[in-house]
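The listed protein sequences correspond, in order, to chains A and B. The letter at position 210 of the first sequence is residue 198 when you use the working numbering, and the numbering goes up by one with no holes. The letter at position 138 of the second sequence is residue 126 when you use the working numbering, and the numbering goes up by one with no holes. Every residue, glycine too, gets a C-beta built ideally from N, C-alpha and C. First comes the structure, then the notes that go with it.
Number of protein chains: 2
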Amino acid sequence: MRESLDHGAADDTRRRLVSAALKQFGRHGFTATSTRALAAEAGTNIASIAYHFGSKAGLYRACGEHVAAAITETVGAPRDHAGCSPAEAAELLERMMRAMVGFLCTSPAADTLVAFLLREMAEQGAALDTIYGSLIEPKHRELSVLWGAATGRDAESEAVRLAVFAMIGQVVYFRIGRPVVQRRMGWDDIGPAEAARIADILARNLRAAIKGQRL
Amino acid sequence: MRESLDHGAADDTRRRLVSAALKQFGRHGFTATSTRALAAEAGTNIASIAYHFGSKAGLYRACGEHVAAAITETVGAPRDHAGCSPAEAAELLERMMRAMVGFLCTSPAADTLVAFLLREMAEQGAALDTIYGSLIEPKHRELSVLWGAATGRDAESEAVRLAVFAMIGQVVYFRIGRPVVQRRMGWDDIGPAEAARIADILARNLRAAIKGQRL
DNA sequence: GTCTATAAACAGATAGAC
DNA sequence: GTCTATCTGTTTATAGAC
Chain A
-11 MRESLDHGAA
-1 DDTRRRLVSA
9 ALKQFGRHGF
19 TATSTRALAA
29 EAGTNIASIA
39 YHFGSKAGLY
49 RACGEHVAAA
59 ITETVGAPRD
69 HAGCSPAEAA
79 ELLERMMRAM
89 VGFLCTSPAA
99 DTLVAFLLRE
109 MAEQGAALDT
119 IYGSLIEPKH
129 RELSVLWGAA
139 TGRDAESEAV
149 RLAVFAMIGQ
159 VVYFRIGRPV
169 VQRRMGWDDI
179 GPAEAARIAD
189 ILARNLRAAI
199 KGQRL
Chain B
-11 MRESLDHGAA
-1 DDTRRRLVSA
9 ALKQFGRHGF
19 TATSTRALAA
29 EAGTNIASIA
39 YHFGSKAGLY
49 RACGEHVAAA
59 ITETVGAPRD
69 HAGCSPAEAA
79 ELLERMMRAM
89 VGFLCTSPAA
99 DTLVAFLLRE
109 MAEQGAALDT
119 IYGSLIEPKH
129 RELSVLWGAA
139 TGRDAESEAV
149 RLAVFAMIGQ
159 VVYFRIGRPV
169 VQRRMGWDDI
179 GPAEAARIAD
189 ILARNLRAAI
199 KGQRL
């Protein structure tokens, strides 16, 4: 591992390679991406992949780590919501959901991250383990605590955990099914305006679901 | 095109090739699947792929058509729900949603179909056009009519179309995110029992969403 | 560290025997 | 229709010059 404060030419090549790889692996998959195309987009040569990452597979692993780090940074560390009132919890859930919609639908960075993650999920790749443990699990736990507080149920009950997945599912589908959604909605693109309208519908669903599950 | 009533050895080879291809294309993607591996799993030789489908790409196209046909058969032709009462519409929506959950989560056939479709969606492949026009669009329209009837809103209003996507998103996420869901729920597998518990939560969400959006 | 040249393995397509 | 053998191009990885 290199000094993280070093910003030499080598680190720059590494960065460019990871950036190109994230994009191409996400778009075409591991096998369909050739080291030639990667080197070309990164503005370097084929041999540098082996030099910096050992192999094409090593570069892929580096991408997985980059994705995990990037998403962790955007979603932030999970916080402790003990002693949250039902109203506060519901409002917090809505805010977090709106942030998720905004990020997934409008952030340019989300494009490559989601494409990479989706492939990883379908292929049951090794990077999924890291991402699950360091990101998905703790975040889902945090949302479960809030959902439990909002509905008056046990945060780790089966119903609450499933309800949180259902909420997440609504959000991520608008990214995964984006081409289908755009076509059916007659939208040329999903920008901030469209994302806000999606978030409004989902927020209404969220409030209704909480109300319907409240004890 | 061959006689559909003919069940000779050639048709059998075709069937075995499509079956193997559906599985491997879905699992590893187009490029990562070699014609050698396909021929091996289908119990035939490489040359037969070119003979029966023209090329590897031709076999892929045949898979796309097979998927579209298979899903169309399971979801059935969209029906006309004009003059449906709000209560009837809501009940019908719930029944259709439960059927979707059951099929997606427990049917062995869904495994390969969904994997293939998911890749097709991510890669923006050509088969998506066929599947969108012949399947997704009409089905989404049918659900929109029911949602409109259940909530008293215009079936083609933006809010209704988005709400239908949100409902679908909840369901498909439990299939797409299946490895994540299993892990968080501590389930070894998602069988009929687990699918029923998922459907119960989603049905409650559905009723709550309809109630919350009702005019 | 960067790059060219090349080695060794693999891909898809096809010719031709049966 | 089926299958073997082979052609042609591309792949990743690497040796070695600079």
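- Around A:ALA137, the same chain offers HIS69, CYS72, PRO74, ALA77 as residues with beta carbons nearer than 7 Å, after the five sequence neighbours per side are excluded.
- In terms of beta-carbon proximity, B:VAL63 stays away from the interface with chain A, with every pair separated by 8 Å or more.
- The beta carbon of B:ILE178 lies closer than 8 Å to those of CYS93, THR94, PHE162, ARG166, VAL169, GLN170, ILE186 in the same chain, with the five residues before and after it left out.
- For B:LEU150, the C-beta contacts it makes with chain A under 9 Å involve PHE162, VAL169, MET173, ARG185, ILE186, ASP188, ILE189, LEU190, in order along the chain.
- By the C-beta density criterion, B:GLY121 is exposed, having fewer than 16 other C-beta atoms within 10 angstroms.
- For A:THR100, the enclosing alpha helix (DSSP H) has its first and last residue at 96 to 111.
- Restricting attention to B:ILE124, B:THR23, B:GLU146, the CA atom closest to the CA of B:GLY42 is found in B:THR23.
- Closer than 8 Å to the CB of A:MET109 there is at least one CB belonging to chain B.
- Nearest C-alpha to A:LEU123 among A:GLN112, A:ALA110, A:LYS11, A:LEU105: A:LEU105.
- Rounded to whole angstroms, the gap between the alpha carbons of B:TRP175 and B:ALA183 is 11 Å.
- Look at A:LEU203 here: in three-state DSSP terms it is coil, with no helix or strand label.
- Ranking A:GLY90, A:ALA103, A:GLY14, A:THR118 by CA distance to the CA of A:THR60 puts A:THR118 first.
- Across the structure, A:PHE18 and A:ARG67 are spaced so that their CA atoms are roughly 35 Å apart.
- When Cβ-Cβ separations below 8 Å define contact, A:ILE178 makes no contact with chain B.
- Separation of the CB atoms of A:THR100 and A:LEU10 is rounded to 5 Å, and the pair is thereby assigned contact status at 8 Å.
- Shown here, B:PHE18 sits in coil according to DSSP, grouped into three states, outside any helix or strand.
- Excluding its 5 nearest sequence neighbours in each direction, A:ARG149 has C-beta neighbours in its own chain below 6 Å: SER132, listed in chain order.
- Residues of chain A whose Cβ lies closer than 9 Å to the Cβ of B:PHE153 are, in chain order, GLN158, TYR161, PHE162, GLY165, VAL168, VAL169, ARG172, MET173, ILE186, ILE189.
- Here B:GLN158 is buried. Its C-beta has 16 or more other C-beta atoms within 10 Å.
- Between the alpha carbons of A:ALA20 and A:ALA103 lies a gap of roughly 14 Å.
- Here B:TYR39 is exposed: its Cβ has fewer than 16 other Cβ atoms, across all protein chains shown, within 10 Å.
- Counting along the chain, the unbroken alpha helix (DSSP H) around A:TYR48 starts and ends at 44 to 63.
- In terms of beta-carbon proximity, A:THR19 lines the interface with chain B, with at least one pair separated by less than 8 Å.
- Taking every protein chain shown into account, the CB of A:LEU190 has 16 or more other CB atoms within 10 angstroms, so this residue is buried.
- For the region 91 to 119 of chain A, the residues whose beta carbon sits under 8 Å from a beta carbon of chain B are, in order, ALA103, LEU106, ARG107, MET109, ALA110, GLU111, GLN112, LEU116.
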